[in-house]
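In the working numbering, the protein residues as written are 120 to 723.
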């Protein structure tokens with residue numbers, strides 16, 4: 120019999136409270152009566168019998184069940200050196216199978232990986248974290264790693280273990296806060312979550328923050344996926360991109376929401392998948408002479424009507440439209456047709472959904488604990504803690520991920536203004552000043568500078584675009600001159616002033632020419648993109664053509680005039696889908712654009 124110390128550890132395993140089950144489970148040395156031997160321990164609830172199979176000698180060692188909960192022990196006295204083994208298990212229905220013990224494997228993450236992660240500099244940590252299909256010691260399986268430093272216990276759960284968090288608890292790697300386990304026999308397509316037990320004993324079921332693929336909403340589990348299987352054919356585009364200075368090159372961007380650009384003609388409720396969209400959308404964009412497409416966020420999100428701006432799966436393209444390999448195909452196809460791909464990226468805030476990263480391990484982990492810094496009052500969302508190294512690492516590695524794994528050409532960073540100012544959307548007394556007493560978010564500012572410096576250095580030819588609506592100076596200036604380091608900035612002022620002017624009856628415009636000409640006073644202060652985006656044709660603002668004055672014919676004439684003026688004004692160009700053919704109704708993310716309007720000459 121084992122000592123009380125081991126009995127105490129066994130009880131902690133049974134009750135799901137052990138921070139390092141590898142100290143108890145698996146194969147260990149044991150000294151009994153001055154004799155060295157081996158002991159194998161396994162927690163196998165709902166099992167009737169178990170034994171240890173020596174893979175080399177084929178010898179079988181029966182295991183003794185030491186309690187009713189299903190804890191088994193095999194004492195091996197004739198072997199002193201560790202050996203490769205499997206567990207042979209029989210359940211109460213009499214079904215027998217063999218499995219490799221996950222508790223026989225050494226840690227995968229190195230001390231150097233953990234050191235870089237802790238200091239916020241493991242920029243490709245997405246190759247280490249999450250769920251990765253791999254082979255260890257000639258055993259195929261899936262390696263899991265997740266950051267939850269304040270958890271009492273973390274387990275991988277899924278149909279492979281009856282969603283029972285007691286069965287496969289993970290080990291925590293020192294003070295890094297990263298929990299890991301290699302699960303033999305698991306494969307691509309297996310569905311999983313993390314069960315996290317907090318210090319207070321509460322159980323949280325969380326999707327994988329680094330997961331590559333998730334279930335289609337309203338389901339929210341993560342799915343094991345191998346993102347290395349797509350064979351890219353865009354090398355020519357990537358090489359040319361490295362030599363391109365987009366600030367000195369023509370750019371005309373078509374902004375698209377993938378779920379509502381066009382839908383299945385047979386079923387208006389059904390989305391087209393990434394591969395269908397690749398051909399239809401690319402042909403359309405190429406015909407009209409655009410240089411780039413910009414997609415509203417494609418990262419996984421739970422709520423359709425958020426348009427993708429409430430992201431939970433930062434490392435996963437939305438499963439609404441297919442698998443990750445399908446999205447890679449889309450990007451690849453655009454590149455082969457000399458069209459760049461820009462994604463909207465949302466680092467300013469994230470939603471509160473229970474399965475997400477909010478309050479991840481029972482503490483404010485990714486967000487600030489103080490609601491005056493950690494909650495966004497206007498959007499009901501949480502704000503990232505940009506001053507925490509591991510959170511910076513999460514966001515930095517996410518940008519590297521899209522550029523590296525998906526060959527994306529640029530990121531349009533959403534809501535930069537809300538990141539720059541601590542008092543954004545807040546009244547007096549609802550925000551906390553910085554250490555100098557000001558309203559600037561120093562931590563977020565330094566994060567953006569670091570981000571832009573790193574990605575421009577690592578991926579030459581890519582773009583970082585700021586959606587920033589204030590008069591903050593130097594948004595698109597280099598960091599070494601004091602700027603934020605973005606490649607471009609959306610020109611929200613031009614958009615607002617121009618729409619105010621063009622929406623007036625021509626008889627009154629002569630009194631408002633200053634509104635139109637003001638943009639040339641600051642046109643070269645930043646590297647601007649002129650935008651007529653989705654934000655201007657929603658929430659009762661009216662469609663672009665309905666902003667135009669006059670009768671039916673005059674509305675079209677005014678709209679053509681606006682676009683002609685836009686394309687001759689200094690700055691790159693961006694136009695939202697539907698604006699290009701004068702759709703009368705406001706954009707609705709729940710249905711297709713009104714393509715039937717192209718039967719009319721004025722729309723066409």
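Yeah, the Cβ is synthetic: ideal placement off N, Cα and C, and Gly gets one too.
Note that this is a predicted model, so its numbers are computed, not measured.
C-beta contact flag for residue i and residue j at 8 Å
i: residue 702; j: residue 652; result: no
i: residue 377; j: residue 414; result: yes
i: residue 472; j: residue 431; result: yes
i: residue 228; j: residue 264; result: yes
i: residue 401; j: residue 321; result: no
i: residue 404; j: residue 304; result: no
i: residue 516; j: residue 332; result: no
i: residue 129; j: residue 157; result: no
i: residue 409; j: residue 476; result: no
i: residue 302; j: residue 275; result: yes
i: residue 681; j: residue 648; result: no
For residue j and residue i, the rounded distance between their alpha carbons
i: residue 555; j: residue 561; result: 10 Å
i: residue 365; j: residue 244; result: 29 Å
i: residue 595; j: residue 644; result: 9 Å
i: residue 256; j: residue 223; result: 11 Å
i: residue 233; j: residue 490; result: 30 Å
i: residue 650; j: residue 295; result: 43 Å
i: residue 267; j: residue 480; result: 5 Å
i: residue 236; j: residue 667; result: 53 Å
i: residue 338; j: residue 161; result: 32 Å
i: residue 507; j: residue 213; result: 51 Å
i: residue 424; j: residue 411; result: 25 Å
i: residue 635; j: residue 609; result: 17 Å
i: residue 715; j: residue 699; result: 14 Å
i: residue 121; j: residue 239; result: Unreliable positioning characterises residue 121 in this predicted model, as indicated by a pLDDT of 48, which lies under 50. A coordinate reading is not provided.
i: residue 589; j: residue 613; result: 12 Å
i: residue 324; j: residue 273; result: 10 Å
i: residue 391; j: residue 553; result: 47 Å
i: residue 381; j: residue 503; result: 34 Å
i: residue 173; j: residue 179; result: 6 Å
i: residue 712; j: residue 420; result: 22 Å
i: residue 261; j: residue 607; result: 40 Å
i: residue 571; j: residue 141; result: 41 Å
i: residue 563; j: residue 326; result: 26 Å
i: residue 628; j: residue 354; result: 50 Å
i: residue 708; j: residue 428; result: 13 Å
i: residue 478; j: residue 329; result: 16 Å
Local conformation of residue i per DSSP, three classes
i: residue 248; result: coil
i: residue 356; result: helix
i: residue 708; result: coil
i: residue 346; result: coil
i: residue 410; result: coil
i: residue 652; result: coil
i: residue 259; result: strand
i: residue 155; result: strand
i: residue 434; result: strand
i: residue 685; result: helix
i: residue 404; result: helix
i: residue 303; result: strand
i: residue 383; result: coil
i: residue 698; result: helix
i: residue 194; result: strand
i: residue 310; result: strand
i: residue 717; result: helix
i: residue 367; result: helix
i: residue 234; result: helix
i: residue 145; result: strand
i: residue 672; result: helix
i: residue 125; result: helix
i: residue 264; result: strand
Quick one: which unbroken beta strand (DSSP E) runs of 3-plus residues sit fully inside the stretch 562 to 650? Chain order, please.
-> 582 to 585 and 607 to 610
Does the stretch 183 to 203 come close enough to the stretch 310 to 326 to have 3 or more Cβ pairs within less than 8 Å?
-> no
Counting Cβ pairs, one atom from each stretch, are 3 or more of them under 8 Å apart for the stretch 622 to 630 and the stretch 678 to 687?
-> no
Three-pair Cβ contact test at 8 Å for the stretch 526 to 533 versus the stretch 579 to 588 = yes
Taking 8 Å as the threshold, find out whether the stretch 136 to 153 comes into contact with the stretch 221 to 241 through three or more Cβ pairs.
-> yes
What beta strand (DSSP E) runs, 3 residues minimum, are completely inside the stretch 438 to 519?
-> 459 to 464
Quick check: the stretch 341 to 360 against the stretch 382 to 396, are there 3 or more CB pairs under 8 Å?
-> no
Within the chosen definition, does the stretch 203 to 214 reach the stretch 246 to 254 through at least 3 CB pairs nearer than 8 Å?
-> no
Should the stretch 335 to 355 be called in touch with the stretch 447 to 455, which here means at least 3 C-beta pairs below 8 Å?
-> yes
Contact between the stretch 601 to 609 and the stretch 541 to 559: three or more CB pairs below 8 Å?
-> no
Can you list the beta strand (DSSP E) stretches of 3 or more residues lying completely in the stretch 161 to 189, in chain order?
-> 166 to 173 and 179 to 181
Taking the runs of the beta strand (DSSP E) that are 3 residues or longer, which of them lie wholly in the stretch 518 to 552?
-> 529 to 532
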